[in-house]
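Just so you know, the sequence shown maps onto residues -21 to -1, 1 to 304 in mature numbering (1 follows the signal peptide of the UniProt record, and there is no 0). Inspection log for the structure reproduced underneath, given as structure tokens.
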Amino acid sequence: MSKKLLLASLIALVLSICTTARCTFAQPKPYDVIYAWNQIDFQFDSPQQREQYLENRGFIPENNAFTGIKVSGDRVFLTVARWLPGVPATLTYVSYNRTVGPQPNKSPPLIPYPSWEFNQEGNCSVIHDRSWFVQHPSMKADPDALVINIEGKNYTFETALDGIALSNRDSNFSTIYFSPLSSLNVFSISSETARQAGTSNQAGIQLKDSEVTLVGKKESQTDGMTIDANGVLYYGLLGMSGISGWNTTEARMTDANQVLVAQNDAELQWPDTFSIDTDGYLFANPNRLHRFFTKTSNFTEINFRVVRIFINSKSYMYSKELLME
Ligand SMILES: *[C@@H]1O[C@H](CO)[C@@H](O)[C@H](O)[C@H]1NC(C)=O
Ligand SMILES: *[C@@H]1O[C@H](CO)[C@@H](O)[C@H](O)[C@H]1NC(C)=O
Ligand SMILES: *[C@@H]1O[C@H](CO)[C@@H](O)[C@H](O)[C@H]1NC(C)=O
Ligand SMILES: *[C@@H]1O[C@H](CO)[C@@H](O)[C@H](O)[C@H]1NC(C)=O
Ligand SMILES: *[C@@H]1O[C@H](CO)[C@@H](O)[C@H](O)[C@H]1NC(C)=O
Ligand SMILES: *[C@@H]1O[C@H](CO)[C@@H](O)[C@H](O)[C@H]1NC(C)=O
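Okay, here's the thing in structure tokens:
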């Protein structure tokens, strides 16, 4: 082989490796809608109990929106925010058959977990809380990013720190990424900094500017975020009804290294939070919160979905090496 040819094939090889690596999460992917609901309903003990809840205003259907999702084995856990009256349970699940995927009972009622009693308003008997309380101006809403345009309408939110993701196991969970909802910026701090602040007796440690890194800018605002075993950060793009990914191995987020993973104007409105299962799927719960907050939900349409996208990875809790098995 001539030197020139060798060089050319080496370059081609390097290029193809880079392209493959990048392409592991490049280009928008197909997604499955696993469940879809016009309105949230619960699995009550009996139809009579449901009637009673409705009558006593213990259940006001239009005040219920699920905001959090976590997949575990044959269950998809969904949390329902108690922002308004008439939310009978806040921690719930629906059964999920991993082999079937998109489920036959596409709008199952949410089952309170572990029980109705546990979900009684004000019953915090079983919750053990451990939190670190740190603050920094980067966690506040950015006055220049309050407006989110969805389906041609402007929605104004002034919401501070919202999306948080811990870096993957192979990074030793060393970094915490965060973004206020009303902001395009993603910041990071070292987990050690947060841990130290947590051990101090002082509440509300003010982080130094030097402890906060501006990682980059997204195309739109984001609610939840998560990181997979490969170190890819996944986050919603609220103004684009999309989900994007960025490889945290890259030092900075740029326009060029963020990749749109899924997008759909109707089905992926407000991709709220994320969870990654052990079969290689990223789950999200697009829930049209912009309509919920402005009381403009149209309940003859689907407002709440659970979708999954094959990303061939696992959650940040797993080492990359385990993916090879
Ligand atoms: C992330 O970037 C690193 C370094 O360029 C690369 O080795 C790795 O394959 C990338 N990961 C993904 C999932 O694209
Ligand atoms: C899941 O669905 C498959 C295929 O229909 C069925 O064989 C299996 O029994 C189901 N698993 C559970 C736990 O229901
Ligand atoms: C609170 O939850 C606990 C644990 O599930 C349960 O034993 C208890 O009865 C509940 N208390 C009320 C007032 O519902
Ligand atoms: C939405 O807000 C932007 C500024 O953020 C403005 O330029 C645009 O005209 C607004 N659109 C509508 C439909 O009000
Ligand atoms: C994680 O910790 C292990 C053990 O201390 C160390 O060998 C490894 O280099 C660390 N990895 C990173 C990415 O910091
Ligand atoms: C609600 O959705 C239905 C079905 O898409 C549509 O026919 C109807 O016009 C919508 N109502 C409003 C007020 O937008």
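Positions of the beta carbon are idealized from the N, C-alpha and C atoms, including for glycine.
- Between the region 218 to 226 and the region 234 to 254 there are three or more C-beta pairs closer than 8 Å, enough to call the two in contact.
- Remark: the shortest separation between the CB of T273 and any heavy atom of ligand 6 does not fall under 8 Å.
- The C-beta distance from T46 to T233 rounds to 30 Å, too long to meet the 8 Å contact threshold.
- Here I281 is buried. Its C-beta has 16 or more other C-beta atoms within 10 Å.
- In the DSSP annotation of this structure, the continuous segment of the alpha helix (DSSP H) that includes L33 starts and ends at P26 to E34.
- Bridge pairing for R284: A15 [DSSP].
- Between Y213 and I290, the gap from beta carbon to beta carbon is short of 9 Å.
- Put simply, the region 89 to 104 does not touch the region 171 to 180. Fewer than three CB pairs are less than 8 Å apart.
- Residues of the same chain with a CB within less than 6 Å of the CB of F56, apart from the 5 flanking positions on each side, are K49 and Y72 in chain order.
- Contact check for R284 and V12: beta-carbon distance about 5 Å, within the 8 Å limit, so the pair qualifies.
- In the displayed model, D256 falls within coil according to three-state DSSP, outside both helix and strand.
- Not a single heavy atom of ligand 1 lies less than 8 Å from the C-beta of V240.
- Cβ neighbours of S254 within its own chain (closer than 6 Å, five residues either side excluded): I48, K49, V50 and F262.
- A heavy atom of ligand 2 is found nearer than 8 Å to the CB of V79.
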